[in-house]
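Protein chains in written order, with our numbering: chain D, 198 to 533; chain H, 1044 to 1394.
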Amino acid sequence: MSRPRLINRDEASSPPIERELLVRMHDLMIKARVLEERLIQMYKQGHGYFWIGGPGEEAFNVSLGLLMKKGQGPAFDYLHAHYRQSATLLALGEEPIGALRQMKNTASDPYSGGRNFAGHFSAKRLNVAPVTSPIEVQYAIAPGTAMVQKRHGGDGITIVTGGDAGTAEGDFASCLVWSSRPANPLPILIIVTNNKWGISTCSDGQHGETRISDRAKAFNIKSKTIDGNDALTCYAELKEAMEYVRTERKPYFIEAMVSRLYGHSSASGANYVTEEVDCIKQFEARLEKDGVLTRQQMDDVRAKYTEEIAAAARTVRDEPQPSGDSIYNHIYAEKR
Amino acid sequence: MANMAQAIRMALHYAEENLGVTDIFGEDVGAPLGGVFTATQGLKTTWNAPLDERGIIGAAMGIAMAGGRPVAEIQFADYIFNTIDLLKLAGNTCWSTNGDWNLPMVVRTPVGSGIRGSIYHSHSFDAGATRIPGWKIVMPSNPLDAYGLLISACQELDPVMYLEPKALLRVKGDERIPGEPEDDRALSKMIDAPLGDRSAWKAQWPQLEAYAVPIGKGKIVREGRGLTVVSYGRTLPLCVKAAQALAEEGVDAEVIDLRSLWPYDWEMIKASVQKTGRALFVNEDTEVTNFGEHLMRRTVEELFYHLLAAPKLVAGKHVPGIGLADALEMASVPQLADITQAMRTLAAEQP
Ligand SMILES: Cc1ncc(C[n+]2csc(CCOP(=O)(O)OP(=O)(O)O)c2C)c(N)n1
């Protein structure tokens, strides 16, 4: 097999991505997709109350997770995520069973102990700030971690992500203002994943700027709109952006155009949308064409995760729910 | 004696020197002004935030997440309402993550009437704050408590809402803050920023001592056997004054300064009402779903058979704001005469 040269954008300017990394990216993307499909199935079978997640964003989210400097505290990267980022969490090393537990709201749910929706991750040991339901609040919080990181020194950065419709919220403007003040620019990567939809309101009905990334220009923040469905573009662009933020200690803005493959959430049916680009299909075609992986190898990866995650779901099914009298636990930190 | 603004400043100084406070910030909190009420003059970790209350609360949360210890200021409580969902979030972060994250942060904000602040510089926030679980909520009524409560707040692992009754910010205390110099003018020279050019000015801090008022503990400000008055903030000194005046009429009121609204000192209220059989709750937030209503409900439910009269609430009127004209403000929030009258009536009521 010849050494693959896979790079989608300006081929000359970036080095090719190593085969090992391509295989790893593919593996994680499949793992994430199979996880989300299992979550949807659990929801549909009545093993959960609500599903929301990120099938369609694996190319972008896996790249992000792989490029993060992972650990706890200001020396490492903080992620202020939204609810479509299971793939990022898997790329950070989380196992799918945690997400299944959250879907099934078991006491063992590592992210909320059965209190929060699917996709609402929290992992202090990985600097993953709690994902919340109110749209965009993470954009108001993220400058705080970035401030501490700037003062701390080193190359840890803050990453904040959210959807396009949510950029109408004031918190989004807050983030642009707080990140780019000339007296105190912050090491923050501001991301908008643009799937062109709110829930059912399309972008035409939401906002008038040509590109959301144009809003960063008004704040003198370097920005780019990228094809978030192309894994290689995502990896290369995120790498460049993160390196800029790490070394310059200044904000950078990425708008990633992504697909929403199962609609908004279970509230809109959670059925596969055929007319949108599927980043995994596209990536697999490329991997196959360039001889990185064979169809059989890729099918094997999927089969392996389908089986593993089904087994995990069976485990979770028998785990206990939290007890009603636990509602008073963890209101305050000292009640540990 | 120090006034409350100076006491707050000294507590913040103590906290940045000894308790790990890393960021004291908000609109106009840093140099040159040091806060519109001067509460943050001369401190070393102060900085000016953009004019963005949501950004301020959000930043405090982020700083707390990353291991800092922020004390954020909302310039007037009237402008805190646009941050409610971030306050909700700060309050529920520990719970919703099942104890994974906690947010050691303090939010200070001046509240209430008393400076002819008109519609948007007179709002209360005590009842509003108590509707947000996960926070601890304190409100001092004198400089020493202001100092001690802020020290406690800066030691908490969870968000603390520190409400400053703005009518009392310039009132001197009766008790000295441990370490504060004997002479008021000497203190002022040391820690009040001069008018005009302040670029070369530095505060000379007195040798302050650790002094903490525990959160959750009230204080019996005046002992009595005839009725119990529970208040906090601006109305507390009015209750004491009324009690002193009524003593001449033979009304023997016990006055409790609640100091902490959450958690609050129910044991103190309970013991007092069991002794007196009469309870009056006084504060100036609007009267509908007022925090005093909660205390009344609990008094009725748990202490009904100890009561000699129906508990009473004296609170602000349920009107959209406090008008600028003197008569409008006076009619909107409890004044000395209202409190005195309520106490007199309650004391006289016979079952
Ligand atoms: C503050 C707030 N308002 C409304 C909602 C209800 N809601 C949930 S998702 C959503 C649409 C979000 O769209 P977008 O920001 O583009 O993100 P996407 O879900 O498309 O990734 C809405 C309106 C919410 N969760 N929070």
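Even for Gly, the Cβ is constructed at its ideal location relative to N, Cα and C.
Treat the numbers as computed from the prediction; the structure is a model and nothing was measured.
| Item | Value |
| --- | --- |
| The region 1201-1213 of chain H touching the region 1229-1239 of chain H, judged by at least three CB pairs closer than 8 Å | no |
| Cross-chain neighbours of L1200 of chain H in chain D, by beta carbon under 9 Å | Y529, A530 and E531 |
| Proximity test, Q392 of chain D beta-carbon vs ligand 1 heavy atom, cut-off 7 Å | Rather than Gln, the amino acid found at residue 392 of chain D in this sequence is Asn. Yes, the Cβ of N392 of chain D comes within 7 Å of a heavy atom of ligand 1. |
| Closest residue to V1331 of chain H among H:S1375, H:A1358, H:F1347 and H:A1120 (Cα-Cα distance) | H:A1358 |
| Coarse secondary structure for A272 of chain D, derived from DSSP in three states | coil |
| Assigned secondary structure, I1299 of chain H (DSSP; H/G/I helix, E/B strand, else coil) | strand |
| Partners in chain D for W1309 of chain H, counting only beta-carbon separations shorter than 8 Å | Near W1309 of chain H there are no residues of chain D at all, since even the closest Cβ is about 16 Å away, more than 8 Å. |
| Contact between the region 1080-1091 of chain H and the region 1045-1064 of chain H (3+ Cβ pairs under 8 Å) | yes |
| L490 of chain D beta carbon less than 8 Å from that of H223 of chain D | yes |
| CB contact below 8 Å: G1063 of chain H versus chain D | no |
| Any non-hydrogen atom of ligand 1 within 7 Å of A370 of chain D CB | no |
| When H:S1315, H:A1353, H:I1365 and H:N1333 are compared against L1304 of chain H, the one with the closest alpha-carbon | H:N1333 |
| Three-state secondary structure assigned by DSSP to F1068 of chain H | strand |
| R457 of chain D beta carbon near ligand 1 (any heavy atom closer than 7 Å) | yes |
| Helix, strand or coil at W1309 of chain H [DSSP, three-state] | helix |
| Bounding residues of the beta strand (DSSP E) (the contiguous stretch that carries P1208 of chain H) | V1203 to P1208 |
| Residue-level contact to chain H via CB, D368 of chain D, 8 Å cutoff | yes |
| T1136 of chain H, DSSP secondary structure in three states | helix |
| Between the CA atoms of P1153 of chain H and P1208 of chain H - distance to the nearest angstrom | 6 Å |
| Among H:I1312, H:M1386 and H:A1243, the one whose alpha carbon lies nearest that of A1074 of chain H | H:A1243 |
| heavy atom of ligand 1 below 7 Å from R281 of chain D C-beta | yes |
| Below-8 Å beta-carbon distance, Y246 of chain D vs any chain H residue | no |
| Close-in-space but distant-in-sequence residues of the same chain around K447 of chain D (CB under 6 Å, 5 per side omitted) | P382 |
| Alpha-carbon spacing of F1124 of chain H relative to E366 of chain D, whole angstroms | 16 Å |
| Range covered by the alpha helix (DSSP H) that runs through D222 of chain D | Per the sequence shown, the amino acid found at residue 222 of chain D is Met instead of Asp. First-last of the alpha helix (DSSP H) with M222 of chain D: R216 to K241. |
| Residue(s) in a DSSP beta bridge with Y308 of chain D | None, per the DSSP bridge assignment. |
| Any non-hydrogen atom of ligand 1 within 7 Å of P331 of chain D CB | yes |
| Closer than 9 Å at the beta carbon, the chain H residues around W375 of chain D | A1092, P1093, D1095, G1098, G1101 and A1102 |
| Where the region 1166-1199 of chain H meets chain D: residues whose CB sits under 9 Å from a CB there | P1176, G1177, K1179 and E1199 |
| H277 of chain D Cβ short of 7 Å to ligand 1 heavy atom set | no |
| Cβ neighbour criterion (16 or more within 10 Å) applied to I1180 of chain H | buried |
| Cβ-heavy atom distance, A1092 of chain H to ligand 1, below 7 Å | no |
| CA-to-CA distance, E531 of chain D to K1260 of chain H, given in whole angstroms | 18 Å |
| Contact with chain H by A339 of chain D, beta-carbon distance below 8 Å | yes |
| heavy atom of ligand 1 below 7 Å from I396 of chain D C-beta | yes |
| Contacting residues, own chain, Cβ-Cβ under 8 Å from P1306 of chain H (five flanking each side not counted) | K1179, I1258 and G1259 |
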